[in-house]
Amino acid sequence: MAADDRTVAERLRARFEDLTRAERQLADAMLRDYPMLGLGSITALAEAAHVSSPTVVRLARKLGYGGFSDLQAALRDELQATISNPIARHDRWAEDAPAAHALNRFADVALSNMRQTISSIDPADFDAAAALLADRRRAVFVTGGRISHALADYLYTHLQVIRARVTLAPGHGATWPHHALEIRAGDVLMMFDMRRYERDLLRFAEAASEAGAQIVLITDQWGSPIAKLAAHSFHARIEAPSAWDSNVAPMVLVEALLAAVEARDWDDTRERMRRLEALFDRSRTFRKFT
Numbered sequence: 003m004a005a006d007d008r009t010v011a012e013r014l015r016a017r018f019e020d021l022t023r024a025e026r027q028l029a030d031a032m033l034r035d036y037p038m039l040g041l042g043s044i045t046a047l048a049e050a051a052h053v054s055s056p057t058v059v060r061l062a063r064k065l066g067y068g069g070f071s072d073l074q075a076a077l078r079d080e081l082q083a084t085i086s087n088p089i090a091r092h093d094r095w096a097e098d099a100p101a102a103h104a105l106n107r108f109a110d111v112a113l114s115n116m117r118q119t120i121s122s123i124d125p126a127d128f129d130a131a132a133a134l135l136a137d138r139r140r141a142v143f144v145t146g147g148r149i150s151h152a153l154a155d156y157l158y159t160h161l162q163v164i165r166a167r168v169t170l171a172p173g174h175g176a177t178w179p180h181h182a183l184e185i186r187a188g189d190v191l192m193m194f195d196m197r198r199y200e201r202d203l204l205r206f207a208e209a210a211s212e213a214g215a216q217i218v219l220i221t222d223q224w225g226s227p228i229a230k231l232a233a234h235s236f237h238a239r240i241e242a243p244s245a246w247d248s249n250v251a252p253m254v255l256v257e258a259l260l261a262a263v264e265a266r267d268w269d270d271t272r273e274r275m276r277r278l279e280a281l282f283d284r285s286r287t288f289r290k291f292t
């Protein structure tokens, strides 16, 4: 793995507090229209951000690039990565795969993904997202894409034990409009969208945003287009030595959110769990040995 394999966006967010006023203005513009704004000419980027061309060069060097051309090359590589299919992913990592056993190789990457993901998250932002999900005055809708629906299903299964008014909404096909119809201002839409970002999820997010919903997004290191609409977005590292992306880091975020939501109003959560356990006993759902 490279010494610094962070995306341009990750570097922008990590260095933001160290930037000058003009550089922050440029960083904001790039993040609002990421990565497309950075793929044009240096003049077009400077004009769009209302800064000078030398500011663009200075920012690129502060982020660790030799200059604007290197930064732009990194953006092009990122764009290619977001649209790569499983075969392309396999072929890319297999070319330089180390000799270690597959289990150790995968574990090393998964642990690195978790460390990088957690270090990139602002605790205050995480707490604000957990507060939204815990707010019983708000209905919560949970959705994901073709693969990421597994994360959505996992979060939903646990969240609906913790609190009422939680709905698992399919994010693809012809059914999402039915759920969008039920969303009201102030409700929460918890979304999962990883690379090869799905059009239906973006349309769902746009409809929810127009209805006044607060969107919480878990995406990858490059960032789903939904991030522009989200009140809170968390970027998890997902690359792995496999044809498939890894869900280890996103799952850590899911379980951390569940723990935070559960703890915010434990008395109500415990009472809801108690009533659920009584129903399980009545239905003899689980085997007991006494």
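Residue numbers (the numbering used here): 3 to 292.
Heads up, the beta-carbon is just placed ideally off N, CA and C, and yes, glycines get one too.
Being a predicted model, the structure only gives us computed values, none of them experimental.
query, result
"Determine, using beta-carbon pairs with one atom in the segment 59 to 70 and one in the segment 13 to 31, whether at least three such pairs fall under 8 Å.", "yes"
"Can you have a look at residue 282 and say buried or exposed, based on whether 16 or more other CB atoms are within 10 angstroms of its CB?", "exposed"
"From residue 290 to residue 247, what distance separates their C-alpha atoms?", "38 Å"
"Taking just the CA atoms, how far does residue 125 sit from residue 67?", "28 Å"
"Confirm, please, whether the CB-CB distance from residue 169 to residue 156 is below 9 Å.", "no"
"Where DSSP assigns a beta bridge to residue 86, which residues make up the other side?", "Residue 86 pairs with nothing; no bridge assigned."
"Nearest-angstrom Cα distance between residue 210 and residue 128?", "21 Å"
"With 16 other CB atoms within 10 Å as the buried threshold, where does residue 180 fall?", "exposed"
"Within 10 angstroms of its Cβ, does residue 284 collect 16 or more other Cβ (buried), or is it exposed?", "exposed"
"With DSSP as the reference, identify every bridge partner of residue 234, one or two as the case may be.", "218"
"Restricting to Cα atoms, I'd like to know which of 272, 270, 220, 271 is closest to residue 122.", "220"
"Say whether the segment 146 to 154 touches the segment 241 to 255, bearing in mind that this needs 3 or more beta-carbon pairs closer than 8 Å, one atom from each stretch.", "yes"
"Taking all protein chains shown into account, do 16 or more other C-beta atoms lie within 10 angstroms of the C-beta of residue 7, making it buried, or fewer, making it exposed?", "exposed"
"Quick one: using the 10 Å Cβ neighbour count with 16 as the cut-off for buried, is residue 192 buried or exposed?", "buried"
"If you draw a straight line from the alpha carbon of residue 184 to that of residue 201, how long is it in whole angstroms?", "20 Å"
"Just to confirm, is the Cβ distance from residue 215 to residue 108 under 9 Å?", "no"
"Do you know offhand how far residue 44's Cα is from residue 80's?", "18 Å"
"Would you tell me roughly how many angstroms separate the C-alpha atoms of residue 230 and residue 266, rounded to the nearest one?", "28 Å"
"DSSP three-state call for residue 41: helix, strand or coil?", "helix"
"Measure the C-alpha to C-alpha separation of residue 293 and residue 238 and round it to an integer number of angstroms.", "In the structure as shown, the chain starts at 3 and stops at 292, and residue 293 therefore has no counterpart that could be examined."
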